[in-house]
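Have a look at the structure below before the remarks.
Residue numbers (full-length UniProt numbering): 1 to 602.
This is the structure we're talking about:
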């Protein structure tokens, strides 16, 4: 059976090659409907012998999608977006689906990466991906388009199946969403649809999802609750509606309604593990650990839910084990926490969160450095590559073991890949070993914008801390061309304070001062880790240049996180006395600081 790949695209030069590479040996023709690309998207697509059709954008995804279907000439149509990637392991599965004569369309798994980077933070949806050509199916709906027969025959049921064939979606990584301004575009289209049909439950659900993605849970809930008024358990999006409503209640602290919604959902869908996991997570956040453990064990017993229910990948496997590991870790049961991490790595060998937790446990148990090294290296099965050494470097670096971190990054240099990452880590290790000249030389080799912007302030600090104040000033002026002006102001003020120059107030406004507060403490943290106490004392004077009642609380937390428990406790007391300022985290740190002091810690 032959397959046509049908796509609609616009300005996808960063994604389209990855997409086409993943399926080019599976499909027999590639149909591209372009809605107005101004970059190299079409040029790249032509390298794969794609047939290109221009479409004048009319704010309707279904119209563009249907044009691509009309142009397809093969037996089956595979539907993808340019920011999708097919899971190559599922190639044979996909091809076998086309041999089933009793099926006209397949819902397949879309695993969407969310957050900052591609990783284990994945949400799952089912989307129509594979349809038999020349059947009656067409898309409808201006956005989040759905599929239905074009000429409905009430006496005929179409054979539609759900299968576990995987496609990865990159379109909802934070950078991509920001670059494309997807939320604004989506909301404008949905709003127009709602103006036409104010009671369209699916569009109410979609608008709720856009606000949910923006973190506006109150507004999202307004739309979800409107949608819920026409509740129908048989609709495809209903399980996700219940999950999203429960999550909104959780985020807004309306726990009674959250638990009611979870129980309602579990009565309707007893194998909806996502809801049980949300319950466990809420108990965890409320520090009701016994109830959380009970719920997490139930998640493991339930296992992963069926595809049509699953929202968050791993709720019946590795995620409950990680939360169990966290509970045991918090309560000092490091052996049980370690066992949970091992279970995670059996299920998900590349789960870095579990690997880092194991490192935390080994350090908490005060193991010898060589024993920790051997233990962590054993997880790579004797096959340590550049990524392995970089990961090990990062772990030891995060623990302040800069000598060990430096050893690992030197080993990573033996490989030809990740040169910029290696140079950056090498510079950081040298910097915190106070080898400022060598660190600066490493940082100066970095060319990419991302690494250069990370390292520029370390270069400036290398000059400041070695007394090269004029060179530091030149670098600050150079940084003004592409860096945050607020951060430059902080570093200029720090330089001036070291030169005993008078500094003007940074801000007299409480709200405006918040942007400076975090930047000042970022610098203070660096100086404290370096144990440059004279410079640290000077930098503290910048706290007098802003208007904030949080300075002593943040200072106490800084001392606590760096192991200076006496100073931390003292600043917590001052924060309470002078500003009446403390929070739950601060109280916990204060209690632990006192315990550390009584046990003889500094």
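Glycine included, each C-beta is placed from N, C-alpha and C at the ideal position.
Please classify residue i: is it buried, with 16 or more other beta-carbons within 10 angstroms of its beta-carbon, or exposed?
i, result
"residue 586", "buried"
"residue 595", "exposed"
"residue 551", "buried"
"residue 270", "exposed"
"residue 197", "exposed"
"residue 258", "buried"
"residue 590", "buried"
"residue 76", "buried"
"residue 162", "exposed"
"residue 204", "buried"
"residue 267", "exposed"
"residue 49", "exposed"
Does the beta-carbon distance from residue i to residue j come in below 8 Å?
i, j, result
"residue 455", "residue 446", "yes"
"residue 434", "residue 530", "yes"
"residue 547", "residue 493", "no"
"residue 172", "residue 103", "no"
"residue 26", "residue 97", "no"
"residue 576", "residue 543", "no"
"residue 388", "residue 420", "no"
"residue 105", "residue 65", "no"
"residue 111", "residue 169", "yes"
"residue 453", "residue 483", "yes"
"residue 359", "residue 409", "no"
"residue 249", "residue 202", "no"
"residue 459", "residue 404", "no"
"residue 560", "residue 599", "no"
"residue 558", "residue 539", "no"
Between which two residues does the alpha helix (DSSP H) containing residue i stretch?
i, result
"residue 574", "565-579"
"residue 202", "201-213"
"residue 551", "551-561"
"residue 66", "61-71"
"residue 584", "584-598"
"residue 372", "369-378"
"residue 273", "273-285"
"residue 23", "16-23"
"residue 409", "402-412"
"residue 489", "485-498"
"residue 221", "217-228"
"residue 42", "41-46"
"residue 301", "289-302"
In the DSSP assignment, find the unbroken beta strand (DSSP E) run with residue i in it and report its ends.
i, result
"residue 260", "From DSSP, residue 260 is part of no beta strand (DSSP E) but of the alpha helix (DSSP H) over 255-268."
"residue 124", "122-132"
"residue 537", "It is not in any beta strand (DSSP E) - residue 537 instead sits in the alpha helix (DSSP H) that spans 533-540."
"residue 138", "137-140"
"residue 54", "51-54"
"residue 245", "Counting along the chain, residue 245 falls outside any beta strand (DSSP E), though it belongs to the alpha helix (DSSP H) covering 238-251."
"residue 3", "3-9"
"residue 78", "76-79"
To the nearest whole angstrom, what separates the beta carbons of residue i and residue j, a pair I think is in contact under 8 Å?
i, j, result
"residue 223", "residue 241", "Actually they are not in contact, since the Cβ atoms of residue 223 and residue 241 sit about 10 Å apart, beyond 8 Å."
"residue 23", "residue 5", "6 Å"
"residue 243", "residue 275", "6 Å"
"residue 430", "residue 464", "The pair is not a contact, with the Cβ atoms about 16 Å apart (cut-off 8 Å)."
"residue 350", "residue 124", "Not really, about 18 Å apart at Cβ, beyond 8 Å."
"residue 363", "residue 344", "About 19 Å; that fails the 8 Å criterion."
"residue 79", "residue 51", "16 Å between Cβ atoms; not a contact."
"residue 296", "residue 324", "5 Å"
"residue 495", "residue 475", "Actually they do not touch by this definition, with Cβ atoms about 10 Å apart."
"residue 87", "residue 167", "7 Å"
By the three-class DSSP mapping on this structure, what secondary structure does residue i have?
i, result
"residue 161", "strand"
"residue 424", "helix"
"residue 351", "coil"
"residue 466", "coil"
"residue 84", "strand"
"residue 113", "strand"
"residue 186", "helix"
"residue 156", "The predicted model places residue 156 with a pLDDT of 44, which falls under 50 and marks its position as unreliable; any figure quoted below should be read in that light. Coil at residue 156, not helix or strand."
"residue 34", "strand"
"residue 29", "strand"
"residue 170", "coil"
"residue 312", "strand"
"residue 384", "coil"
"residue 446", "coil"
"residue 516", "helix"
"residue 505", "coil"
"residue 338", "helix"
"residue 106", "strand"
Verify the CB distance criterion: does residue i have a CB-CB separation below 8 Å to chain D?
i, result
"residue 530", "No chain D is present in this structure, which holds just one protein chain."
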